[in-house]
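Visitor:
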Amino acid sequence: YAPRIGFADGEEYWWDSSSHRYVGNVSVPLLKISAQDDFLVFGAFRKKLNHCLENPNVVVVKTRCGGHLGWQESPPKPKPAGKGKRGGGGGGGMSS
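Following this note's numbering, the numbering of the sequence shown begins with 694 at its first residue and continues without gaps.
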């Protein structure tokens, strides 16, 4: 995907897209939220956490669950076997 949008590879894309190079210059309060179950960025976030913590204007919050673009109050409950899949289990309507 990266070459299609003008980058040599994924590493170049992530380097250009990452804010870690700029967070040291943040001069207003900034809240950085990252979820442990965000498989897209959490690993990279942990490697660059010190960049955030070195700036007193940056507050870092790590949540147990969440997502890449949103957070919920708690992890989703597991669905019973056969439920929640297209064509499988349940009628899809509301029950009383």
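Cβ coordinates follow ideal geometry from the N, Cα and C atoms, glycine included.
Note that this is a predicted model, so its numbers are computed, not measured.
Exposed or buried, which one is residue 716 when buried takes at least 16 other CB atoms within 10 Å?
Guide: Buried, because 16 or more other Cβ atoms sit within 10 Å of the Cβ of residue 716.
Visitor: Using CA coordinates, which residue listed in 731, 704 and 745 is at the minimum distance from residue 762?
Guide: Taking only the C-alpha atoms, the option nearest residue 762 is 731.
Visitor: Name the two residues that bound the continuous alpha helix (DSSP H) containing residue 710.
Guide: Where residue 710 is concerned, the enclosing alpha helix (DSSP H) stretches over 703-710.
Visitor: Measuring only the C-alpha atoms, how far is residue 725 from residue 774?
Guide: Straight-line Cα distance between these residues: approximately 37 Å.
Visitor: Over the uninterrupted beta strand (DSSP E) stretch that includes residue 723, give me the two end residues.
Guide: That run of the beta strand (DSSP E) goes 723-728.
Visitor: Which word fits residue 759, buried or exposed, when buried means at least 16 other C-beta atoms lie within 10 angstroms of its C-beta?
Guide: When all chains shown are included, residue 759 counts as buried.
Visitor: Thinking C-beta only, is residue 770 closer than 8 Å to residue 727?
Guide: No. Outside cutoff.
Visitor: In three-state terms, what does DSSP make of residue 755?
Guide: The answer is strand: DSSP assigns residue 755 an E or B state.
Visitor: What is the DSSP secondary structure of residue 740, reduced to helix, strand or coil?
Guide: In this structure, residue 740 counts as helix in the three-state DSSP scheme.
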